[in-house]
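Visitor: One point on numbering: in our numbering, the residue at position 23 of the sequence shown is 72, and numbering is uninterrupted. Glycine is no exception: its CB is placed at the ideal position from the N, C-alpha and C atoms. Below you will find the structure I want to go over with you.
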Amino acid sequence: MNFKEYTKQFLRNKKYDLASDISELIISLRIERGWTQAQLAKKIGTKQSGIARAERGSYFPSLGLLRKIAN
């Protein structure tokens, strides 16, 4: 089996959930800083409900929201 075939097989068998990984990262960094969802939302200029949706991990947050959080 060559590398390309191996990669296809690996990706087909791997269940990777990027939205969930991003959610976990947002939660852990927010808690590490001691912020509530409301405090983070205020700092980046969005609503607490938007942070809650991003942390739920059931959908992929917009790149704009991710950029605000990262900054």
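For S77, report the span of its alpha helix (DSSP H) as first-last.
Guide: Note, S77: alpha helix (DSSP H), L67 to E81.
Visitor: What is the residue span of the alpha helix (DSSP H) that K44 lies within?
Guide: Residue 44 is absent from the structure shown; the chain starts at 50 and stops at 120.
Visitor: Could you check if A90 is buried or exposed, using at least 16 other CB atoms within 10 Å of its CB as the buried criterion?
Guide: Counting other Cβ atoms within 10 Å of its Cβ, A90 reaches 16 or more and is therefore classed as buried.
Visitor: In the structure shown, what three-state DSSP assignment does S111 receive?
Guide: coil
Visitor: Starting from G165, follow the alpha helix (DSSP H) in both directions and report where the run begins and ends.
Guide: With the chain represented from 50 up to 120, any question about residue 165 goes unanswered, as that position is not in the structure.
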